[in-house]
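Only one structure is covered here, and it is reproduced in the block below.
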Amino acid sequence: MKLPPYVIRRGKVLQYVRRIPGDVAHAFPVIRIQRTLATVNVSEAYAAAGRITTELDAQFAGIRRERGFTIGVIHVDSWTWPDWEQLADWFKATLVEDDLKSLIMGRRGRALAAGAAQTVDLQAEHPDALDLSQHDHRLKEMTVGEYAAERVAFVQSVVRRLGIPISQANPYFARFMAAALAAEIGFLDIALRYRMGQKVGYCHPDTIAGPWKAAIADKAEQQVAKIVGPANVSHRAVGKSLNDCRAAYAAERIRANKPATLKQLNDMDITIGRFQSHSGIKDVGLVQRSHIIAFRDQLYDGGDYATASVNKRTGYITTLVKTAANKGWIDQAIRGDIRLTVPEGEDAREPYSTDDLALIFGHPMFTERKITSGTAAASLGVLPFWLPLISCLHGMISSEILQLGPDTVRIHPDTDIWCFAVTTSGGRHIKTEARRRWMPIRHEMIDLGLLDLVKEAEAQGWKTLWQPVEAKHGDIDAVSQQVSAFWADFARKDLKITDPQKTLYSFRHSFKDAIGALGASDDEKKQLLGHAETGATKGYGTKKAPRPVDIKRLDEIVQAVSWPFLAGL
0 MKLPPYVIRR GKVLQYVRRI PGDVAHAFPV IRIQRTLATV NVSEAYAAAG
50 RITTELDAQF AGIRRERGFT IGVIHVDSWT WPDWEQLADW FKATLVEDDL
100 KSLIMGRRGR ALAAGAAQTV DLQAEHPDAL DLSQHDHRLK EMTVGEYAAE
150 RVAFVQSVVR RLGIPISQAN PYFARFMAAA LAAEIGFLDI ALRYRMGQKV
200 GYCHPDTIAG PWKAAIADKA EQQVAKIVGP ANVSHRAVGK SLNDCRAAYA
250 AERIRANKPA TLKQLNDMDI TIGRFQSHSG IKDVGLVQRS HIIAFRDQLY
300 DGGDYATASV NKRTGYITTL VKTAANKGWI DQAIRGDIRL TVPEGEDARE
350 PYSTDDLALI FGHPMFTERK ITSGTAAASL GVLPFWLPLI SCLHGMISSE
400 ILQLGPDTVR IHPDTDIWCF AVTTSGGRHI KTEARRRWMP IRHEMIDLGL
450 LDLVKEAEAQ GWKTLWQPVE AKHGDIDAVS QQVSAFWADF ARKDLKITDP
500 QKTLYSFRHS FKDAIGALGA SDDEKKQLLG HAETGATKGY GTKKAPRPVD
550 IKRLDEIVQA VSWPFLAGL
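This is the structure in structure tokens:
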């Protein structure tokens, strides 16, 4: 499950670690905040981390206000005099609070102990007392006009923390500066009495209820809304279901010439059903972020899906909501990242080792082409033999192999090199345009009867080489799932290969390692594996057809790989 922001795992226990921003670092004796959350449960960590983050954000915001950093300028055009009076009260309270903070930081522990003497030597303990007294006397002799001319910049430096401008064009300017003068004199009285050891009462600036509070809150909500969407968005039924969104999504993909696969649409249908059952919501207008998060957590906690699968299914729901927003059915899509962080290594795939390959292709299913009747493999025809073999020797994935047909096994133009043509012709689908390529065929494949397989498919009038695909009317996704399920069971039970990171896809990794060991360049690997070009060069050259390659060089690489197990087939 994805860890909350600023949360890391130390051993088994989760901890909150957050570096202090540079603009407020002066106020802290450390460079980062680190607290144990005293739990190994990620759900509990979310709640604890949320509380700590809220506390720290408020603390950082207060420090920024003290230094004159604000989240924006507050408009005061509609303010009346009582609002400015409250600002003067806030100004006085802030001066007192700032002064007390500076004094407290310099006090020694013995002065705070119970029963400590309250006698104060002003000259020794508070050398600034005389300056404050003289300043007080001077302010009391000033006119408001003189104060405004001399101290307006100082007053502005303080109220800027709230984002409030002080302008002489303001009709309340004179009255506010008079109130500010009185406030500063009042502050000096408190400051001097405090230094003499007298108890003083004052209001904390946060207790002053001024119109700036609502303005600051609104600006903060706007910032949050950029990330997670506005909190006050009304949710109402719009008469469009998630199934309507699914139909609109499928239509949009067709218009973009990137049609969704049947498997993807089936997965969406299943996910919609589960989401509706869990949330009780069918109308897309009623779907909220909290519903999707709860659905995500239910999928993960149920243990039925790996993290990546949970992300894919929650992604279906957010995509459908986004489709509704694009269609104008609702006003707001779901904002903010809802995905879980995939644990390191969970979605990784390891190549089959040389010993693994010897074990796999030394099995009678390959050496004698024996497939026990009545097993899951029996319904797959010759696929259990050919699909792993083609994948290992050529680095092709299952969906590419399952779409091979009589028209895709042919000699490359202007050469005598037999190739698999990975193509989109005939309604075939591939993951990306880069996957369109010519893949040289190992010579041993011809000896093993590949061309006989092609002739049989031609005689049957099949679009593909595989009877199970034809029986399912070309449903590649269904057959791919069937093959994957068979292989997982076969590898675990018959071959005793139990590493979860070794799957059918591992053959592709084995192929990549093998051609890399021969010294194939990165570009040659990309051409053979169907990986996209990167950098500036990807924007140039062929787009609609397989990119030009040196097919003879690619054939040399494919033929040169040493596969010891081939001798036993």
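Following numbering that gives the first Met the number 0, the numbering of the sequence shown begins with 0 at its first residue and continues without gaps. Backbone N, C-alpha and C fix where the C-beta goes; we use that ideal spot for every residue, glycine too. Here the structure is a predicted model, which means the values were calculated and not measured.
Our contact map puts Thr-322 next to Ala-247 with C-beta atoms below 8 Å; I'd like the distance itself, whole angstroms only.
5 Å
Are the beta-carbon atoms of His-508 and Pro-350 separated by less than 7 Å?
yes
Hey, Phe-506 and Ser-390: beta-carbon distance below 7 Å or not?
yes
Go ahead and label Leu-356 buried or exposed: buried means 16 or more other beta carbons lie within 10 angstroms of its beta carbon, across all protein chains shown.
buried
Less than 7 Å separating the beta-carbons of Trp-83 and Tyr-171?
yes
Return the first residue and the last residue of the beta strand (DSSP E) that Gln-14 is part of.
12 to 18
By DSSP, does Arg-34 sit in helix, in strand, or in coil?
strand
Report yes if the CB atom of Ala-26 is closer than 7 Å to the CB atom of Ile-51, and no otherwise.
No.
Counting pairs of beta carbons, one from the stretch 265 to 272 and one from the stretch 237 to 254, are three or more of them closer than 8 Å?
yes
Okay, do the stretch 131 to 146 and the stretch 164 to 184 touch, 3+ Cβ pairs below 8 Å being the bar?
yes
Could you check if Ile-410 is buried or exposed, using at least 16 other CB atoms within 10 Å of its CB as the buried criterion?
exposed
Would you tell me roughly how many angstroms separate the C-alpha atoms of Asp-205 and Val-75, rounded to the nearest one?
19 Å
Please look up how many angstroms separate the CB atoms of Lys-511 and Gly-394, rounded, as I've assumed it's under 8 Å.
6 Å
Can you give me the C-alpha to C-alpha distance between Leu-36 and Ile-189, rounded to a whole angstrom?
42 Å
Can you find the residues in the same chain that come closer than 6 Å, C-beta to C-beta, to Gln-33, ignoring five residues on each side of it along the sequence?
Val-16
Taking the DSSP output, what are the residues bridged to Pro-164?
DSSP lists no partner for Pro-164.
Within 10 angstroms of the Cβ of Val-12, are there 16 or more other Cβ atoms? Answer buried if so, exposed if not.
exposed
If you run the structure through DSSP and keep just helix, strand and coil, what is Pro-439?
strand
In this structure, does DSSP put Trp-417 in helix, strand or coil?
Trp-417: strand per DSSP, three-state reduction.
Within 10 angstroms of its Cβ, does Ala-559 collect 16 or more other Cβ (buried), or is it exposed?
It is exposed - the Cβ of Ala-559 has fewer than 16 other Cβ atoms within 10 Å.
Lys-91 and Gly-162: beta carbons closer than 7 Å?
no
Whole alpha helix (DSSP H) runs in the stretch 293 to 334 with 4 or more residues, listed along the chain?
306 to 325
DSSP three-state label for Ser-561, please.
coil
Answer yes or no: do Ile-416 and Ile-550 have a C-beta to C-beta separation smaller than 7 Å?
yes
Quick check on this structure: which residue in Met-104, Asp-493, Phe-274, Trp-78 has the alpha carbon closest to the alpha carbon of Asn-169?
Trp-78
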